[in-house]
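Following: one structure in structure tokens, then a few remarks.
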Amino acid sequence: MNEREQNILLSELRGLPAETEWVEFKTNNDQKLGEYLSALSNAACIHDKPYGYLVFGIEDKTHRIVGTDFDPNTKAKGNEDLIPWLARLLNPRIHFECYILNHFEGRVVMFRIKAVTNTPVTFQGLAFIRIGSYKKRLSEYPEKERLIWTKKPTVQFENEIARENLKVDDVLKLLDYPSYFDMMNLPLPSNKEGIIEKLKQERLISKENSVYSITNLGAILFAREIERFETLERKTIRVIIYDGKNKRKTIKEQIDKKGYAVGFEGLVDYIDDQLPTNEIIDSALRKEVKMYPKLAIRELVANAIIHQDFSERGTGPMIELFSDRIEITNPGKPLINTLRFVDHNPQSRNEKLAHFMRRLNICEERGSGIDKVLFECEFFQLPAPKFIEGENYTRIILYSHKTLRQMDKEDKISATYLHACLKVVSGENMTNQSLRERFGIEEKNYSIASRILSETIKSGLIKDYDPESSSKKHAKYVPFWA
1 MNEREQNILL SELRGLPAET EWVEFKTNND QKLGEYLSAL SNAACIHDKP YGYLVFGIED
61 KTHRIVGTDF DPNTKAKGNE DLIPWLARLL NPRIHFECYI LNHFEGRVVM FRIKAVTNTP
121 VTFQGLAFIR IGSYKKRLSE YPEKERLIWT KKPTVQFENE IARENLKVDD VLKLLDYPSY
181 FDMMNLPLPS NKEGIIEKLK QERLISKENS VYSITNLGAI LFAREIERFE TLERKTIRVI
241 IYDGKNKRKT IKEQIDKKGY AVGFEGLVDY IDDQLPTNEI IDSALRKEVK MYPKLAIREL
301 VANAIIHQDF SERGTGPMIE LFSDRIEITN PGKPLINTLR FVDHNPQSRN EKLAHFMRRL
361 NICEERGSGI DKVLFECEFF QLPAPKFIEG ENYTRIILYS HKTLRQMDKE DKISATYLHA
421 CLKVVSGENM TNQSLRERFG IEEKNYSIAS RILSETIKSG LIKDYDPESS SKKHAKYVPF
481 WA
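If you read the sequence shown in this note's numbering, its first letter stands for residue 1, the second for the next number, and so on.
Take a look at the structure:
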């Protein structure tokens, strides 16, 4: 928020009733600052408010500005800066901001903390709540704790406000609106009113009274610089290139500061430009091809953007390039089992974001992305990608070319299972012949494919399509879930 926005917000807060549980006014610093941040975030959740507020320099009963000498840039315990110390001890690490207002009536310090969803915020392991004008331990009020656990977000992420109290010119400076019209194949309106009206129709911005707000959807897709939106500044996409197979030495790091839609094509091109090439001979001509298919990278980057959990603060999608693999990571656990990525009906945390990106032709039909990645890996004779579910992240790994001899048992089983999945969703079944083609095994070595099939059956990932059939030569195989 700029200074004007901060003063508008302060006026609104001072106009609230005295007993507002999601706002706390204090004349000076309180040693239990972290407990208040916990209490106000939890109270904001219960009262369906997007934020809770803690304001220093305001008299509690009269809401009169009296000024404060509280300095948020001071040190906490252990000589750690106060703000990082507070953020570290809040769990979950809910987003909050601190503003210093040099109001003509006195100096004011204002904390704005985001309302929690689904799980109470604790400070140093304890959760707090506001009851009337008092701060209490949440454990003393189990019915309120239940409300937080069961409360569904009242506003979807895409509809939340990223910047508010803006003039028309502010909106046009913050959003790359020409890119929107270009990507949608629409003529650019000849005046500001036409531009603003279209952005409103798309819910990229909203208007209240005479001022405008930019929604998260508008900011995350079309920001000229994401970092100009405080609640989204850590959601930029990072590309890190390492020297070798581990993270010991970083060659370079690139942060894409543009909105996801605005910067997507440039981001994919940048990644592709960093990839090593292989020289092949085609029709007696030598040519260089990239080690990884660009379409697979494109689909996986779009996948990471769409499926990330925006409630995981402090991190965004990340692409890491090693000498033998690419790792693409997004915040948030997958919503479906990683073994069912190919066939399962897609589920997205951010359906409006996904729908908008499909309209922009950044990604295509629902659920087709992973299929395309597998097709590309098979066509380029690459090992199967690896899908990893972390504690609070999802990671997909693309591996560089390996010969069958270089693949270990796990590589072969994974590739066989995913080949079976791909065949089923294509209306076919895996056979010894199709697997030989997948691995580049000559027909005379069909027994090698048979052994791999046998090992994959033992792993429980595939099964015989017709267990009663005695013909192994014409046997068909399907995934365990088929």
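Glycine residues also receive a C-beta, built at the ideal position from the N, C-alpha and C atoms.
In the three-state scheme derived from DSSP, where H, G and I count as helix and E and B as strand, K198 is classed as helix. Taking the Cα of K144 as reference, the smallest distance to any Cα among M407, Y134 and R130 is reached at R130. Under the criterion of beta carbons closer than 8 Å, H419 and E378 qualify as touching, at roughly 7 Å.
Taking a cut-off of 8 Å for Cβ pairs, the region 214-225 and the region 259-270 touch, as three or more such pairs fall below it. Looking at F387, F56 and G132, the one whose alpha-carbon comes closest to that of H47 is G132. DSSP places S213 within a strand segment (E or B) once states are collapsed to three. Under DSSP, E24 shares a beta bridge with L54. DSSP places F104 outside both helix and strand once states are collapsed to three, so it counts as coil.
Around the beta carbon of Q6, a 10 Å sphere encloses 16 or more other beta carbons of the protein chains shown; the residue is thus reported as buried. Distance from the CA of E59 to the CA of E21, rounded to the nearest whole angstrom, comes to 16 Å. Non-local C-beta neighbours of E299 in its own chain, meaning closer than 6 Å and more than five positions away in sequence, comprise G369, K372 and V373, ordered along the chain. In the structure shown, V116 adopts coil according to DSSP, grouped into three states. Counting along the chain, no beta strand (DSSP E) covers T62, and no H or E run does either. With fewer than 16 neighbouring CB atoms inside 10 Å of its own CB, Y134 falls in the exposed class. Residue state for E5 is assigned as helix, using DSSP reduced to three classes.
Taking T338 as the centre and dropping the five residues before and after it, the same chain places the C-beta of F387 and E389 closer than 6 Å to its C-beta, in chain order. For the pair L37 and L90, the CB atoms are nearer than the 8 Å cut-off. Exposure of P178 is indicated by the presence of fewer than 16 other C-beta atoms within 10 angstroms of its C-beta. For Q254, the enclosing beta strand (DSSP E) stretches over residues T250 to D256. A contact is defined here as three or more CB-CB pairs under 8 Å, and the region 392-401 meets this definition with respect to the region 300-315.
Scanning its chain for C-beta atoms nearer than 6 Å, with the 5 sequence neighbours on each side dropped, one finds around I452 the residues K412 and T416, in chain order. Remark: fewer than three beta-carbon pairs, one from each stretch, lie closer than 8 Å, so the region 68-76 and the region 168-177 are not flagged as touching. If you check the CB distance, G52 and Q124 do not come in under 8 Å. If you check the CB distance, W149 and N118 come in under 8 Å. Annotated as proximal: I255 and T236, with beta-carbon spacing under 8 Å. In the DSSP secondary-structure assignment, I462 is bridged to P479. By a beta-carbon distance limit of 8 Å, S41 contacts I94. Their separation comes to about 5 Å.
Three or more Cβ pairs drawn from the region 162-169 and the region 194-211 lie within less than 8 Å of each other, which places the two stretches in contact. DSSP lists R112 as the bridge partner or partners of E97.
The secondary-structure analysis by DSSP pairs Y393 across a beta bridge with P331. Annotated three-state conformation of N361 is coil, per DSSP.
Of all C-beta pairs linking the region 266-278 to the region 238-245, three or more are shorter than 8 Å, placing the two stretches in contact. The DSSP-derived three-state label of R325 is strand. Here N361 is exposed: its Cβ has fewer than 16 other Cβ atoms, across all protein chains shown, within 10 Å. Contact between the region 470-477 and the region 423-434 is established, with three or more Cβ pairs separated by less than 8 Å. R234 is not a Cβ neighbour of G106, given a cutoff of 8 Å.
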